[in-house]
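Following this note's numbering, the numbering of the sequence shown begins with 24 at its first residue and continues without gaps. Structure, as structure tokens:
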Amino acid sequence: MEQMAGKPWNMQGPHGKRFADDKDKERVWNGLADILIEIQRHSFSKAGSLLLGPSPSEPIVSAVASERFLVLSPSGPFDTASDYYTSVVEQNMALIADGQLFTSYPVNAYLVFSFLKSQI
């Protein structure tokens, strides 16, 4: 595993362009696909976030820091996919109960996550 210098992509184009054109976006998405394909080729004993380890070929599986659009409490690494999904569902249920998520329809949202939990 290697770490590259850079900054997050903000959906704007390179070289001062205001927006990324279709070719720019295709290049970024293809690069991301290549990364995911490479990760899929390796087996990991736990589910979590990958961190740099003692060497580039030995990444560490650490806690899951956040979802894409929602910051969840760090947790994990998880021994099974079921443990991971249960944690995500339970954290979402807690945020719904606290009034932080799905404020327009909390009962329906809570019931959906409760059903999802029952299917894990």
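No residue lacks a Cβ here, since even glycine has one placed at the ideal position from N, Cα and C. If you're wondering where the values come from, they're calculated on a predicted model, not measured in any experiment.
Am I right that residue i and residue j are in contact with their C-beta atoms under 8 angstroms? What's the rounded C-beta distance?
{"i": "A132", "j": "F125", "result": "4 angstroms"}
{"i": "S110", "j": "I143", "result": "The Cβ separation is near 10 angstroms, so there is no contact."}
{"i": "V84", "j": "L73", "result": "6 angstroms"}
{"i": "V112", "j": "K140", "result": "5 angstroms"}
{"i": "N115", "j": "F138", "result": "Rounded, the Cβ-Cβ distance is 12 angstroms, inconsistent with contact."}
Please list the terminal residues of the continuous beta strand (DSSP E) segment that includes residue i.
{"i": "V84", "result": "I83 to S85"}
How would you label residue i, buried or exposed, when you count the other beta carbons within 10 angstroms and need 16 or more for buried?
{"i": "F67", "result": "exposed"}
{"i": "Y107", "result": "buried"}
Anyone know if the C-beta pair for residue i and residue j falls short of 8 angstroms?
{"i": "P100", "j": "A86", "result": "yes"}
Identify the continuous alpha helix (DSSP H) that holds residue i and give its terminal residues.
{"i": "S110", "result": "A104 to A120"}
{"i": "S72", "result": "Note, S72: premise wrong, no alpha helix (DSSP H); beta strand (DSSP E) at S72 to L74."}
{"i": "Q63", "result": "D45 to Q63"}
{"i": "Y133", "result": "P129 to S141"}
Would you say residue i reaches chain B, if we count a Cβ-Cβ gap shorter than 8 angstroms as a contact?
{"i": "F136", "result": "Going by chain labels, chain B is absent from the structure shown, which holds only one protein chain."}
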